[in-house]
Amino acid sequence: MIFMFDGKMKAVTFSYDDGVTQDIRLIELFNRYHLKATFNLNSGLLGRKGHLIREAQWVNHTIIKPEDIKSVYDGHEIAAHTLTHPNLAECEPERIFHEVEEDRLRLSELAGYEVVGMAYPGGSTCIDEQVTKVVRERTGVKYARTTTSTYSFDMQSDLIVFHPTVYHHREWDALFALGEKFLALQADKPQVLYVWGHAYEFDIHDTWSRFEKFCRMISRKNDIYYGTNKEILVDAVEK
Numbered sequence: 001m002i003f004m005f006d007g008k009m010k011a012v013t014f015s016y017d018d019g020v021t022q023d024i025r026l027i028e029l030f031n032r033y034h035l036k037a038t039f040n041l042n043s044g045l046l047g048r049k050g051h052l053i054r055e056a057q058w059v060n061h062t063i064i065k066p067e068d069i070k071s072v073y074d075g076h077e078i079a080a081h082t083l084t085h086p087n088l089a090e091c092e093p094e095r096i097f098h099e100v101e102e103d104r105l106r107l108s109e110l111a112g113y114e115v116v117g118m119a120y121p122g123g124s125t126c127i128d129e130q131v132t133k134v135v136r137e138r139t140g141v142k143y144a145r146t147t148t149s150t151y152s153f154d155m156q157s158d159l160i161v162f163h164p165t166v167y168h169h170r171e172w173d174a175l176f177a178l179g180e181k182f183l184a185l186q187a188d189k190p191q192v193l194y195v196w197g198h199a200y201e202f203d204i205h206d207t208w209s210r211f212e213k214f215c216r217m218i219s220r221k222n223d224i225y226y227g228t229n230k231e232i233l234v235d236a237v238e239k
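Number 76 in our numbering belongs to position 76 of the sequence shown; there are no gaps in the numbering.
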């Protein structure tokens, strides 16, 4: 496979899970700095109100309503995250197929275009060979992200088990160090900085300004292509 990012060797992309209402604020931030992201949604949970306990804090975990999906995520990419966020490694093949493909199809209808991406729910411990086999052979998913950080910018050949560079919330120091390294990189082969997380995590200890600092640092560089996951992992590939 040959990757070309609009004639550039470096690309930056972001990926955020769960479709929470905090995505609205995050998208405003991305748009301010001309950055692109992919948002992974559970169509079976759309519109659900709730809270989570994270780091001994109650955090709002209310999901975007289905009728708002198209407008909220305009200019970015919608991708699948399964219907109901189960541990896929504990599911039979038919349920894996239903959770992934039905979510993809429902989101495609809501988005107005074919959804081809996915983020596995529940972390990398919730993925096994059976899960990836079903996704690879029976669904319309073209790429699927894990939660295992590589701390690397190298492209990966297996897009159905695609590992991100870094997890923003739990690896702040690594995020900024990798960002600085990426900016200084004189690439002679395609390189990608892939950041993932959950937008609700910025409410924990109110780290929105900290992330904006990163966005400001990484944005508007002439030698970097800024795209969604699909634009970088699928559209930019010449097979």
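All C-beta atoms, glycine included, are put in the ideal place defined by N, C-alpha and C.
Item to check | Test item: CB-CB of A199 and D23 under 8 angstroms | outcome: Walking along the sequence shown from the start, residue 199 turns up at place 199. Walking along the sequence shown from the start, residue 23 turns up at place 23. When the beta-carbon positions are compared, A199 and D23 come within less than 8 angstroms of each other.
Next on the checklist: With H, G and I counted as helix, E and B as strand and the rest as coil, what does DSSP make of K239?
Outcome noted: Residue numbering aside, residue 239 sits at position 239 when the sequence shown is read from its first letter. Low per-residue confidence applies at K239: pLDDT is 43, beneath 50, and the placement is therefore not dependable enough to give any value.
Item to check | Which of helix, strand or coil DSSP assigns to L83 | outcome: Position 83 of the sequence shown, counted from the first residue, corresponds to residue 83. In the structure shown, L83 sits in coil (DSSP, three-state: anything other than H, G, I, E or B).
Checklist entry - Identify the residues that DSSP records as bridge partners of E109: which are they? => result Residue mapping note: residue 109 aligns to position 109 of the sequence shown, counting from 1. None; E109 has no bridge partner.
Next on the checklist: Taking 6 angstroms as the limit between beta carbons, can you name the residues of its chain near E55, skipping five residues before and five after?
Outcome noted: The residue you call residue 55 lines up with position 55 of the sequence shown. In its chain, beyond the 5 residues on either side, I204 have a beta carbon closer than 6 angstroms to the beta carbon of E55.
Checklist entry - Nearest-angstrom Cα distance between P93 and G117? => result Position 93 of the sequence shown, counting from 1, holds the residue named residue 93. Position 117 of the sequence shown, counting from 1, holds the residue named residue 117. For P93 and G117, the distance between alpha carbons rounds to 19 angstroms.
Checklist entry - Roughly how far, in whole angstroms, is the beta-carbon of L110 from the beta-carbon of K70, given that I think they are within contact range, below 8 angstroms? => result Residue 110 sits at position 110 when you count from the first residue of the sequence shown. Residue 70 sits at position 70 when you count from the first residue of the sequence shown. Yes, they are in contact, since the Cβ atoms of L110 and K70 sit about 6 angstroms apart, within 8 angstroms.
Next on the checklist: Within a Cβ cutoff of 6 angstroms, which residues of the same chain sit near D128, ignoring the five residues on either side of it in sequence?
Outcome noted: The residue you call residue 128 lines up with position 128 of the sequence shown. Within the same chain, D128 has close Cβ partners A89.
Item to check | Residues that K166 bridges to, as DSSP identifies them | outcome: On the sequence shown, position 166 is the one that residue 166 refers to. Checking the sequence, you will find Val at residue 166 rather than Lys. The partner list for V166 (beta bridge, DSSP) reads V195.
Next on the checklist: Suppose you measure from the CA of P86 to the CA of T125; what does that come to, to the nearest Å?
Outcome noted: Here residue 86 is taken as the residue at index 86 of the sequence shown, counted from 1. Here residue 125 is taken as the residue at index 125 of the sequence shown, counted from 1. P86 and T125: Cα-Cα distance of roughly 12 angstroms.
Item to check | For W172: DSSP bridge partner residues | outcome: As a position in the sequence shown, residue 172 is number 172, starting the count at 1. Note: W172 sits in no beta bridge, so no partner.
Next on the checklist: D206 and K8 - do their beta-carbons sit closer together than 8 angstroms?
Outcome noted: Along the sequence shown, read from residue 1 onward, the residue named residue 8 stands at position 8. Along the sequence shown, read from residue 1 onward, the residue named residue 206 stands at position 206. No. Outside cutoff.
Item to check | Beta-ladder partner(s) of D17, from DSSP | outcome: As a working note, residue 17 is residue 17 in the sequence shown. In the DSSP output, where bridge partners are listed per residue, D17 has N40.
Item to check | Residue from I96, E28 and M4 whose Cα sits closest to the Cα of K133 | outcome: As a position in the sequence shown, residue 133 is number 133, starting the count at 1. The option with the nearest alpha carbon to K133 is I96.
Checklist entry - If you count every other CB in all the chains shown that lies within 10 Å of the CB of Q242, and 16 or more means buried, which is it? => result Nothing in the structure corresponds to residue 242, since the chain is present only between 1 and 239.
Next on the checklist: Would you say the beta carbon of Y120 is closer than 7 angstroms to some non-hydrogen atom of the ligand ADP?
Outcome noted: The ligand ADP is not among the ligands present in this structure, which contains no ligands whatsoever.
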